[in-house]
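To start, the structure under review is shown below, and the notes come after it.
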């Protein structure tokens, strides 16, 4: 997920519709979110598969990318890098969890009707 434009929602949605119309792309609405997406690369049904779309996402969505994504993307699509210039570099990856990726389960203790988690 990379941010390539920031602004008000109405303008963002208008830009997505214009992009789709200009390039003859299908606009699809998310089943749950209702947010329109302009798909410029669709998965062909086989594996491995790749898909890409432009979307007017809510403000505050954090740019993110999995480790080795660029190499896998290029291998599957032939494209190098992103289609547009992102507004900012990717944030530093978060350090791995000390629990090996599993959530740490702590014991709760109830004292005087109040539950305390250590």
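Residue numbers (our numbering): 44 to 161.
Backbone N, C-alpha and C fix where the C-beta goes; we use that ideal spot for every residue, glycine too.
What does the alpha-carbon distance come out to for the pair residue 104 and residue 45? 9 Å
Leaving aside the five residues before and after residue 69 along the sequence, list all residues of the same chain whose C-beta is less than 6 Å from its C-beta, in chain order. 82
Suppose contacts are defined by Cβ-Cβ distances below 8 Å. Is residue 99 in contact with residue 85 by that definition? no
From the DSSP secondary-structure annotation, give me the bridge partner or partners of residue 96. 82
Count the other CB atoms within 10 Å of the CB of residue 126; is the residue buried (16 or more) or exposed (fewer)? exposed
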